[in-house]
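Asks: Below are the structure tokens for one structure; questions will follow.
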Amino acid sequence: MKTRLLIILLTFSLNTCVFGQTDYFLGKRTYCEMPSDSETKKLFDLGMDCIKQNLYIGAANIIFQDIIKKDKSFCDAYFLAGYTFRLSNMNKEAVIMYYIADSLSQNKSIEFKQNLATTSILVGKIDLSRKKFKEITTFFPENPEGYYGIALTSTIIGDFDYGLENINIAENKFKEENKDTQFLKAILLTLNKKHKEAIEYYEKVQSKFSKDDNFNGNYALSLYEVGIATNDDKMQKKATKHYEKVKDKSGLTEYIKSKFEKT
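Per our numbering, residue 44 is the first one in the sequence shown, and the count goes up by one each step.
Following this line, the structure appears as structure tokens:
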């Protein structure tokens, strides 16, 4: 399945969710012991202020790298250097820093694992991403994002049944209705050929994703399959309508295209 744009969309949503659900970015706590000198504390606070205000991100990156030079065991400096790399769209550099931070923190930080896992997807390190999402389910089992991440990576790895199993867990663990989770579940239901159930989920998220090519292409397939199975001409016409809404059909699987572009 060609899901690059879907992955980017849902990974961005996950990254936003990570930032919004933690107080770590307030800068009031660290996972590793900060060097005790007052100069380091001042520099750390200055770097955090840059992040909170989304200003002078390049300068903040230099600050955290300078702190690393003083103490190479301070995991938070590595993480925040990675985070500022990420804000500058330097994802490969971010992954390196995140990896070191996660290794030094000894599985204490969900933020480190979340950011490493999501950014690894963006640079194509899917196996590393899957590994870190699984670690989240091990060390932070009540957090839904580990299960969500496993489901997201399953659309690339191809273990769709395992992805569906995990998106079901994530859906139950999110405290409120989550449209991104429902959309990913709809896609996974389609990939698992559970088309009738998939349609129910596409209808739940249509207001948010109606212009998305992955939505229209996969929704069209599920409508088509159910329409054929039930001999429902109206549903088949609806399927064609959604297929025609797909702007870039090169992103769809050959299987989907074969249902609507018969020669």
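Note that CB positions come from ideal geometry on N, CA and C, so glycine has one too.
Under the three-state reduction of DSSP, which class applies to S301: helix, strand or coil?
Replies: As a first step, residue 301 must be located in the sequence shown, where it is residue number 258. Under the three-state reduction of DSSP output, S301 falls in the helix class.
Asks: For F155, which residues from the same chain have a beta carbon less than 6 Å from its beta carbon, with the 5 sequence-adjacent residues on both sides left out?
Replies: Translated into the one-based positions of the sequence shown, residue 155 becomes position 112. Closer than 6 Å at the Cβ level, and outside the excluded window around F155, lie F122, A144, D145, S148.
Asks: What three-state label does DSSP hand C118 in the structure shown?
Replies: Residue numbering aside, residue 118 sits at position 75 when the sequence shown is read from its first letter. C118 falls in the helix class under three-state DSSP.
Asks: Quick check on Q64: does DSSP put it in helix, strand or coil?
Replies: Numbered from its first residue, the sequence shown carries residue 64 at position 21. Low per-residue confidence applies at Q64: pLDDT is 49, beneath 50, and the placement is therefore not dependable enough to give any value.
Asks: According to DSSP, is K281 helix, strand or coil?
Replies: Here residue 281 is taken as the residue at index 238 of the sequence shown, counted from 1. Reduced to three states, the DSSP call for K281 is helix.
Asks: Between which two residues does the alpha helix (DSSP H) holding V248 run?
Replies: In the sequence shown, residue 248 corresponds to position 205, counting from 1. It spans 238-252 - the alpha helix (DSSP H) in which V248 sits, taken as one unbroken run.
Asks: Do the stretch 105-125 and the stretch 64-83 make contact, defined as three or more Cβ pairs closer than 8 Å?
Replies: yes
Asks: Is the beta carbon of K177 less than 8 Å from the beta carbon of I193?
Replies: Looking up residue 177 in the sequence shown gives position 134. Looking up residue 193 in the sequence shown gives position 150. Contact flag set, yes.
Asks: Buried or exposed for N132, please, with buried defined as at least 16 other CB atoms from any protein chain shown within 10 angstroms of its CB.
Replies: By one-based count along the sequence shown, residue 132 stands at place 89. N132 comes out exposed.
Asks: Output the distance between the C-alpha atoms of K85 and D92, rounded to the nearest integer angstrom.
Replies: Here residue 85 refers to the residue found at position 42 of the sequence shown. Here residue 92 refers to the residue found at position 49 of the sequence shown. Each residue's alpha carbon lies about 11 Å from the other.
Asks: From M278 to Y191, what distance separates their C-alpha atoms?
Replies: Along the sequence shown, read from residue 1 onward, the residue named residue 278 stands at position 235. Along the sequence shown, read from residue 1 onward, the residue named residue 191 stands at position 148. The alpha-carbon atoms of M278 and Y191 are separated by roughly 30 Å.
Asks: Could you give the C-beta distance for Y109 and P78, rounded to a whole number, given that I count them as a contact under 8 Å?
Replies: The residue you call residue 109 lines up with position 66 of the sequence shown. The residue you call residue 78 lines up with position 35 of the sequence shown. According to the sequence shown, residue 109 is Asp rather than Tyr. Distance from D109 to P78 at the Cβ level is roughly 11 Å; contact not present, criterion being Cβ atoms closer than 8 Å.
Asks: With contact counted as at least three CB pairs below 8 Å, one residue from each stretch, are the stretch 198-217 and the stretch 244-257 in contact?
Replies: no
Asks: Would E188 and Q157 qualify as a contact pair, given that the criterion is a beta-carbon distance under 8 Å?
Replies: For the purposes of this step, residue 188 is identified with residue 145 of the sequence shown, where counting begins at 1. For the purposes of this step, residue 157 is identified with residue 114 of the sequence shown, where counting begins at 1. Cβ atoms of E188 and Q157: closer than 8 Å.
Asks: Are the C-beta of I230 and some C-beta of chain D separated by less than 8 Å?
Replies: Absent here is chain D; the protein component of the structure consists of one chain.
Asks: Just to confirm before moving on: does the CB-CB distance between K300 and K292 stay below 8 Å?
Replies: As a working mapping, residue 300 is identified with position 257 in the sequence shown. As a working mapping, residue 292 is identified with position 249 in the sequence shown. Yes, they are a contact pair.
Asks: S172 and I164: beta carbons closer than 8 Å?
Replies: The residue you call residue 172 lines up with position 129 of the sequence shown. The residue you call residue 164 lines up with position 121 of the sequence shown. Contact flag set, yes.
Asks: Starting from D109, trace the alpha helix (DSSP H) in both directions and tell me its first and last residue.
Replies: The residue given as residue 109 occupies position 66 in the sequence shown. First-last of the alpha helix (DSSP H) with D109: 100-113.
Asks: Pull up the CB-CB distance for I94 and Y126, whole angstroms please, since I reckon it's below 8 Å.
Replies: Along the sequence shown, one-based indexing puts residue 94 at 51. Along the sequence shown, one-based indexing puts residue 126 at 83. Indeed they touch by this definition, with Cβ atoms about 7 Å apart.
Asks: Considering Cα atoms alone, identify which of T162, G270, D66 is closest to L195.
Replies: What you label residue 195 is simply residue 152 of the sequence shown in a count that begins at 1. Here the closest residue by C-alpha is T162.
Asks: N235 by DSSP, collapsed to three states: which one?
Replies: Sequence index remark: in the sequence shown, residue 235 carries index 192 (1-based). In this structure, N235 counts as coil in the three-state DSSP scheme.
Asks: Would DSSP call C93 helix, strand or coil?
Replies: Locating residue 93 in the sequence shown gives position 50, where the first residue counts as 1. It is helical.
Asks: Can you tell me the Cβ-Cβ gap for L159 and Y142, rounded? I've got them flagged as a contact below 8 Å.
Replies: Indexing the sequence shown from 1 puts residue 159 at position 116. Indexing the sequence shown from 1 puts residue 142 at position 99. So it is a contact: roughly 6 Å between Cβ atoms.
Asks: Only counting the same chain, and skipping five residues up and downstream in sequence, which positions put a Cβ closer than 6 Å to that of I310?
Replies: Outside the modelled stretch of the chain, which goes from 44 to 306, sits residue 310, for which no answer is possible.
Asks: Count the other CB atoms within 10 Å of the CB of Q64; is the residue buried (16 or more) or exposed (fewer)?
Replies: Stepping through the sequence shown from its first residue, residue 64 is reached at position 21. Here Q64 scores only 49 on pLDDT, less than 50, and its place in the model should not be relied on; the value that follows carries that caveat. With fewer than 16 Cβ atoms within 10 Å of its Cβ, Q64 is classed as exposed.
Asks: Determine the extent of the alpha helix (DSSP H) in which L159 is found, giving its start and end residues.
Replies: Here residue 159 is taken as the residue at index 116 of the sequence shown, counted from 1. Looking at the DSSP string, the run of the alpha helix (DSSP H) that includes L159 is 153-165.
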